[in-house]
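**Q** Per the working numbering, the sequence shown starts with residue 7, numbered consecutively.
For each residue, glycine too, the CB sits at the ideal point set by N, CA and C.
Here's a structure for you.
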Amino acid sequence: MINHIKRLLSQFSEPSEGQKSQVDFNTALAALLVEVMRADGSVLDSELAATQKILIEQCEVDQTQAKNLISRAQQLVEEAIDLYLFVKPINDLTSDVERIDIVQLLWAVAYSDGQLESHEEHIIRRIAGLLYVSHVDFISAKHRAQTS
Numbered sequence: 007m008i009n010h011i012k013r014l015l016s017q018f019s020e021p022s023e024g025q026k027s028q029v030d031f032n033t034a035l036a037a038l039l040v041e042v043m044r045a046d047g048s049v050l051d052s053e054l055a056a057t058q059k060i061l062i063e064q065c066e067v068d069q070t071q072a073k074n075l076i077s078r079a080q081q082l083v084e085e086a087i088d089l090y091l092f093v094k095p096i097n098d099l100t101s102d103v104e105r106i107d108i109v110q111l112l113w114a115v116a117y118s119d120g121q122l123e124s125h126e127e128h129i130i131r132r133i134a135g136l137l138y139v140s141h142v143d144f145i146s147a148k149h150r151a152q153t154s
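Laid out in structure tokens, this is it:
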């Protein structure tokens, strides 16, 4: 019995394959976009298209690479226990202004289906806090995304 418990505990203490190595910037951005896409419990075609377009433009990848990034990000998001794995590379590699731009991209995905769900707003607020984006900049990014 004790050996069984030890094996179970060791499984939880060892990081999974996806968490052993830090994710790259493109995958981290894709994962945050995926978090917003799935926040309301369903992934709509318009949200998927918006995410793919953002990745093509911001990460300078082609359509196939963007689809692969989204697939990889979806897998990582399913396995992740928190957002740290995705937020850390972005915080490490971006300036304050660039992080505000990323929050605006998150808003763009949330608005891509024509309506904002409270769960989407909640996850964007959490991510913005982890990216050290002030409330004023959070709201400003929201308004810019609404009008674009």
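Got a sec? Which residues, its chain only, sit under 8 Å from Arg105 by beta carbon, not counting five neighbours each side?
**A** So the list reads Ile96, Asn97, Leu137, Tyr138, Val139, once near-sequence residues are dropped.
**Q** Near Glu84, which residues of its chain fall below 6 Å by C-beta distance, leaving aside the five closest residues on each side in sequence?
**A** Closer than 6 Å at Cβ, skipping near neighbours: no residue.
**Q** When burial is assigned at 16 or more other CB atoms within 10 Å of the CB, is Leu61 buried or exposed?
**A** The residue in question, Leu61, is buried, as its Cβ has 16 or more Cβ neighbours within 10 Å.
**Q** Is DSSP giving Tyr90 helix, strand or coil here?
**A** It is helical.
**Q** Taking Gln110 as part of the alpha helix (DSSP H), name the residues at either end of that continuous run.
**A** Note, Gln110: alpha helix (DSSP H), 102-117.
**Q** Going by Cα to Cα distance, which pick from His149, Glu66, Ser77, Val142 is closest to Met43?
**A** The shortest Cα separation from Met43 among His149, Glu66, Ser77, Val142 belongs to Ser77.
**Q** Could you pull the start and end residues of the alpha helix (DSSP H) that Ser77 belongs to?
**A** Taken as a continuous stretch (DSSP letters only), the alpha helix (DSSP H) holding Ser77 covers 69-85.
**Q** Excluding the five sequence neighbours on either side, which residues of its own chain have a C-beta within less than 7 Å of the C-beta of Leu50, listed in chain order?
**A** The answer, listed in chain order, is Asp119.
**Q** Applying the criterion that 16 or more other CB atoms from any shown protein chain within 10 Å of the CB defines a buried residue, is Tyr117 buried or exposed?
**A** The residue is buried, with at least 16 neighbouring Cβ atoms inside 10 Å.
**Q** Just to confirm, is the Cβ distance from Leu54 to Val115 under 7 Å?
**A** No, the Cβ-Cβ distance between Leu54 and Val115 is not below 7 Å.
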